[in-house]
Amino acid sequence: MATQQVEAGAAGHGAEPRGKRGEDGQATYLIAIAEALWEEMERDDRVFMLGEDIGVYGGAFKVTEGFIDRFGPERVMDTPIAEETIVGMSVGAAMEGLRPVAEFQYADFMSSGFDEITTVLSRYHYRAGVPLPVVLRGPSGGGVRASSFHSINPEPWYAYAGGIKIMCPAFPSDAKGLLKSAIRDDNPSLFLEHKWIYRRIKEQVSEDPELLVPIGSADVKREGSDVSIITYGAMVHKALEAADALARRGISAEIVDLRTVYPLDEETILRSIEKTSRALVLYESYRFLGIGTEVAAVIAEKAFEHLDAPVVRLAPPNVPVPFSPPLEDAFLPQIADIEAAVDRLAGW
Amino acid sequence: MTSIQMPQLGETIVEGTILKWLKREGDAVARDEPLFEISTDKVDTEVPSPVAGTVTKILVDEGATVPVGTALMEISEAGGAASGDAASGGAASSSASGAAPSSDAVAAPSTGAASSEGSSAAPPAAPVAPAAPVAPAAPAVAPAVAAVGTMPDRGPRSQILSPLVRRLAKEHDLDLAQIAGTGSGGRITKADVMAVISSGGQVASATAGATAPATAPAQPMPAPSAGIGEEIVPVSHIRRAIAEHMLASTQTSARAWTMVEVNVDHLVKLRERIKATFQDRYGVKITYLPMVVRATVDALLEYPDVNARLDGDNIVRHRFVNMGIAVSYDAGLIVPVIKGADGMNTIGVARAIADLAARARSHQLRPDEVQGATFTITNPGPYGSVASVPIINQPNVGILSFDAIVKRPVVIDDAIAIRSMVNISMSWDHRVIDGELATRFLARVKENLETWDFAEDLGV
Amino acid sequence: MPVPAWLIRPGTVPYDVANAVMHRLAERRLADEIPDTVILLEHPPVFTAGRRAKADELLWSPDEVEARGGLVRMIDRGGSFTFHGPGQLVGYPILGLGSRPDAVDYLRRLEEAVIGICADIGVASERRADVQTGVWVGDDKICAIGVRLMRARVTLHGFALNCETDLSWFRGIVACGLPDRGQTSLSDQLGRRVGVADVLPLAERHLAEVFDLAFEPAPREIVTAFQVADAV
C-alpha cells in the first residue's frame, strides 16, 4: 500500500478543520475513521454517538464535524464531562437494544469510568446473558508533546478485564474496516485511535461501505526473512522506517502489525517467527505488563523450537509520559533503538 | 590479577583516548574478547583481553586521554586459564589445537596446543574433505551449556545451541559437533545449520580413500603345481617381510589420504642452473628429493602430531626427525633412515640419500639403518606416476609421496601459463590426526617448497 | 622471504557490501584461517565519515547527496570525511601486524607504496608529516589514507588514490577535516587520462614490495562474496 506522511498540525490538539479526502482519493487516518462512523450511522438507526463536544463543536479533533447536522442531537449527543456516566449510559442504552459509540476526548480519561468498564461492561454478558454492543473510542498514544494526561496507551488496563475486544490500527484502511467491524460486533469493544497517526498518515481507502477488516487478525505490513518485528499503533510506522535503514545494511526485517491487541492473532505471529527465527516485540504501552509482554510469552511458549535467539521486547519504561520534548523522545522507542535491538538480535 | 594498560600501537604514538568501555566491572571476559575501543592520532582499534577472567576494576573514564602504559583496568583470571600463548592467538598454537576437542570443555579451559595429548578417546571425526578451516579453539570461559557434553570448544559461545538449532539437527540427523559456528563467539546459528542441510547433509565420517578391509591372516597355501601358462615363483624372505608389513599396516592404521598440487617451477629452474656445479663441488647429484625432505622436516617440527606414533593410549611425539626414504631395488622395497634429518641442511640430506640409496642397492645397509624412522617419504615420480596412495610405514603416522614433476598449464592472474607442477600427497593415520591437521601439514610443505630459496642452502 | 597473500580485484563494489566483506575477511584473518589479503576496487560515489568527523563537515545535505547519486556512511575508522567514487583506486589491505603492531610503520609503508605508484606514473608526491597522513602533491592531497585495527592486530580500511576521480565531489565535504587543503588526481597532475586500470598493476607491485607479499589470486568463493547484490 502506498502511504504518506502528511504535514501535521500542532500537537494534534483540537482546533483544525477536518480536511476532506485529497484529489487523489486518499484519506487520512482521521478521515477514514470519520467515514466509518458516518457509514455505520447511515446503515443502522440503532447506532448513536455520545461524548464531550462531539455534537455542536464537532469533536475535539473534529472527527464528528458535520455529523449533528446530518443525524441530529439525539444521535450525536453532547454529554457533560462525566466519563463514568458516559460508560454507564452506554451500558444502559445497549441493554435496551441500541448500539452506542462513546467518544472519549482523550483515551486517558476513560479511567474515570474504570469501574463501569471493567466491573460492568466487560462482565455483563457473562452475568446476565445480555450482549452489550458498546464501542468506546478515543485518541491514545504519545509522541505529540501532550504529556502524561493526554498520551496514555491504556490498552493493557482494559485487556486485563477480559471481555472487551481492543483494537489499535496503524493505517487508515485498517482503521475504517476495524471500526465498522467493532460497531457491528455484539461484544463491547475498545477502539483506540493513535493521535500521532491522525493526520500524518494517509492512503487509498475503499469507499465500499461493506468492506470490513476482521477483528482479531494481524497483518504483515512488510515481508522479511531475518527478524520479525511484532508491533502495533504508531510504532508500526517507526518500525517500517527502521526496516528501510536495516535493509540498506543487509538485514531483512518482517513487520507484523497486530491491528487487534485483544484477542491476539497468534497464528500470524507464530508463522512469522517460524520464518525468521528471531523476534523483536515493539510496543508503546509500558514495558512491564504492556501488550508486548503477552506477545513475548506466547512466542516463547509456542514457538520455542523455532527460535534462534531470545525474544526481545522494546517499549517505554513504566513512568509518566514526559512533557519535555527531549525526555519524551528518550522515553519512546526511536528508530535508532529499533535498529540497535535488531542488530543485537541478528548478532546473537 | 592482570593489569590492562594503554597499548602502544606505533613507535611515535604516545597516548590514546578511551572511546568506549565494552566491558563493565563484574563482566566476564574471554581471551581475545574486545575490552574497550581506543582512538589515537594515527589509528583506532578495539583492544582484546590477553586473558580470560572477570573485570574487577575500571580505572579510567570513557573519553579520557592517557599516556601509553597507563593502567586502565584489572582482570582477575579464571582458575588456571592463563595459557602461555601470546595474546595474538598466533598461528602456531591455534592451528595445533584446531583438531583437538576436549570433552570436558565446560570445566577446565583447555590450554592451547597441549590439549590434543591423550585425547585419543573418540575425537569427533571431522569431515575429511578440506573444507573451510574451523575457527581455532579459544580457552573457554564456558557459558551455560546445552546438554551436549561432546561439543568441541570452538569459541566462548560455541556450546550454546538454540532451540531451533537443536531441532533442525535432530530432524536432519546432523552431528552438531561437525558444524563450525559463525555466530558471535562461535555459536552455531540457524544459517550454519541451514547451509549444511541445503548442501546435502554432512560428509559421512568415513575416511577418504578406502581402507583395505581387514582380511584373515593368510593361511599357508599348499604348494601348487604349475599348470599350462603359469610360472611359479617362491616368495623370497624379503618379499614375505614386505607383504606382512604392508598387510599389517593396512589393518592397523585408519588410513586416509590427502593431496596438494605444488608449483615447483623455480626449483626446476634452480636445479638446471646448479646441477653441474653441485656435482662438482659435492660429488653427488642434486635431485628434488633432498629439497622435499628439508621442506617436510620443517613441517614435521611445526606439526609434531604428524611426527609421532601411537603407543597404546598415548601419542608419542618425536622431537627429532628420522626420515625414512623408500628405496626401490632389485629385491623389492627397503626404507633406509636418515637419522637426525632435522639437523641437516639440504647438502647433508643429499649426501645422506645418495649414500643410503647406494648401499641399499648393494645390500650393504646395517640393521639400525632401516629402523627408527619417525616419518617416511616415497618418491615414485621418476617412474612416471603423478599421484600415489602409499601404505604407511608403521609405526609412523604418515607417509608422503612425491610424484612426477610435469609441465602443465595452470591459471595465474587469470591467464594460462605453463609451470612445472608436482602432486605431493600423504597417506595418514586417522586414529592420530584429523583431516584439518593433515591438510595444514601438507600446505606447509607446499608453502616451503614454493617459497624457500634453496640456492643458499645448497651452497651454490 | 615473501609471505603468500591473496589479491582480490572485484571491480566496482557498493560500499556496504565491500565494507561487510572486508570485516568478515578481517575476522578470518584474525583467526589465521586466511592469509594476508589485499583488496583493490572502486566504489560508486559515497562519503564516508570516520570517528572524528563533525556533522558540519558534510556541506551538502543528505538529500542533496542522494540526488547526485551518492551515499553517506559513518564507519569505524578514525579520521574525518572522505569521498570514494569512480576513477579512484581504493585499497583495503587486511594484514596481520602481529601481537606487537606498529601502526605508524604500517601507515608509513602504505604511504611509501602510493608514492612509488605515483612515481612510476610520473607524478612526484610526498608524505607530509606536518599536515596529515596521506600522500600529497604540494598542498593538495592525491591519496587519502585512513586505517583501523581489529583486535589491535589486523588492519582494516586503507587508502584511496585519485586516478581520474571527479574532484568536484569533494566540494560536498570538508575533506579529512582540513578546510584549507585541496585535492588532486593523477590525471589532474599529468593533464592526460590515467585510469584505475592503468594503476592497478603498479599498485600490486608496490604493495607486494613494501609489505613483502607474494600475491596469488584468492579462492573463487571469496571473490564472488563481493558480487552479492546489496540487500535492498
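Protein chains in written order, with the working numbering: chain P, 1475 to 1822; chain E, 26 to 485; chain W, 2 to 233.
We treat Cβ as the ideally placed atom computed from N, Cα and C, and that holds for glycine.
All figures in this text were calculated on a predicted structure; none of them were measured in a lab.
Could you tell me which chain E residues have their CB closer than 8 Å to the CB of residue i, listed as they occur along the chain?
i                : result
A1783 of chain P : S187
D1 of chain W    : Outside the shown range of chain W (2 to 233) lies residue 1 of chain W, about which nothing can therefore be said.
Given this structure, state the Cα-to-Cα distance separating residue i from residue j, to the nearest angstrom.
i                : j                : result
L1610 of chain P : F1665 of chain P : 6 Å
R154 of chain W  : P1646 of chain P : 54 Å
A111 of chain E  : R101 of chain W  : With a pLDDT of 37 at A111 of chain E, under the threshold of 50, the predicted position of this residue should be treated as unreliable, and no value is reported.
Y307 of chain E  : A385 of chain E  : 21 Å
K300 of chain E  : Y313 of chain E  : 11 Å
G484 of chain E  : A194 of chain E  : 58 Å
G486 of chain E  : K432 of chain E  : Chain E is shown only over 26 to 485; residue 486 of chain E falls outside these bounds and no answer can be derived.
R221 of chain W  : A281 of chain E  : 27 Å
E102 of chain E  : D380 of chain E  : 56 Å
V91 of chain W   : M2 of chain W    : 27 Å
V4 of chain W    : S187 of chain E  : 40 Å
D200 of chain E  : R192 of chain E  : 12 Å
A1649 of chain P : Y1503 of chain P : 7 Å
D106 of chain W  : I267 of chain E  : 59 Å
H1457 of chain P : Q1808 of chain P : This structure cannot settle anything about residue 1457 of chain P, because the visible part of chain P is limited to 1475 through 1822.
V91 of chain E   : E62 of chain E   : 13 Å
A6 of chain W    : L157 of chain W  : 16 Å
L467 of chain E  : V93 of chain E   : 42 Å
G1496 of chain P : G1821 of chain P : 44 Å
R319 of chain E  : T38 of chain W   : 28 Å
I116 of chain W  : A125 of chain W  : 8 Å
From the beta carbon of residue i, is the nearest beta carbon of chain W less than 8 Å away?
i               : result
S135 of chain E : Because the pLDDT of S135 of chain E is 35, which lies under 50, any placement of that residue in the model is unreliable, and the number read from its coordinates should be weighed accordingly. Chain W contact via Cβ: absent.
K67 of chain E  : yes
T283 of chain E : no
D459 of chain E : no
G35 of chain E  : yes
E40 of chain E  : no
T476 of chain E : yes
T70 of chain E  : yes
S223 of chain E : no
E472 of chain E : yes
Mind checking if residue i is an interface residue toward chain E, Cβ cutoff 8 Å exclusive?
i                : result
M2 of chain W    : yes
T134 of chain W  : yes
W1822 of chain P : yes
P5 of chain W    : yes
S1751 of chain P : yes
D131 of chain W  : no
P15 of chain W   : no
V197 of chain W  : no
D57 of chain W   : no
L108 of chain W  : yes
R128 of chain W  : no
V148 of chain W  : yes
Using a Cβ-Cβ distance under 8 Å, would residue i count as near chain P?
i               : result
T214 of chain E : yes
T190 of chain E : It should be noted that the sequence gives Val, not Thr, for residue 190 of chain E. It does: the Cβ of V190 of chain E has a partner Cβ on chain P nearer than 8 Å.
S209 of chain E : yes
So which residues of chain W does residue i contact, with C-beta pairs closer than 7 Å?
i               : result
I449 of chain E : Ordered by position in chain W, no residue passes the 7 Å Cβ test against I449 of chain E, which lies about 16 Å from the chain.
P73 of chain E  : R152, A153
D438 of chain E : P218
Mind listing the chain P neighbours of residue i? Cutoff is C-beta to C-beta under 9 Å, in chain order.
i               : result
S413 of chain E : Here the premise fails: no neighbours, minimum Cβ distance about 46 Å.
For residue i, return the contacting residues in chain E, with the cut-off set at a CB-CB distance below 7 Å.
i                : result
E1779 of chain P : P188, L189, R192
P102 of chain W  : L34
Since residue i meets chain W, which of its residues come closer than 9 Å, beta carbon to beta carbon?
i              : result
D57 of chain E : L31, R152
Q) Which full runs of the alpha helix (DSSP H) of 4+ residues lie inside the segment 1728-1767 of chain P, going along the chain? A) The qualifying runs are 1740-1750.
Q: Go through the segment 1625-1655 of chain P residue by residue and report every complete run of the beta strand (DSSP E) that reaches 3 residues or more, in order.
A: List check, beta strand (DSSP E) in window: 1639-1641.
Q: Would you check if there are 3 or more beta carbon pairs closer than 8 Å linking the segment 1620-1627 of chain P to the segment 1795-1804 of chain P?
A: With three or more CB-CB distances shorter than 8 Å, the segment 1620-1627 of chain P counts as touching the segment 1795-1804 of chain P.
Q. Using 8 Å as the Cβ pair cut-off and three pairs as the minimum, do the segment 60-75 of chain W and the segment 136-149 of chain W touch?
A. No, the segment 60-75 of chain W does not touch the segment 136-149 of chain W.
Q.
For the pair the segment 1800-1818 of chain P and the segment 29-46 of chain E, tell me if three or more CB-CB distances fall below 8 Å.
A. Taking 8 Å as the limit for Cβ pairs, the verdict is that the segment 29-46 of chain E does not touch the segment 1800-1818 of chain P.
Q) At which residue ranges does the segment 354-386 of chain E contain complete beta strand (DSSP E) runs of 3 or more residues, listed in the order of the chain? A) Listed in chain order, the complete beta strand (DSSP E) runs (minimum 3 residues) inside the segment 354-386 of chain E are 357-359.
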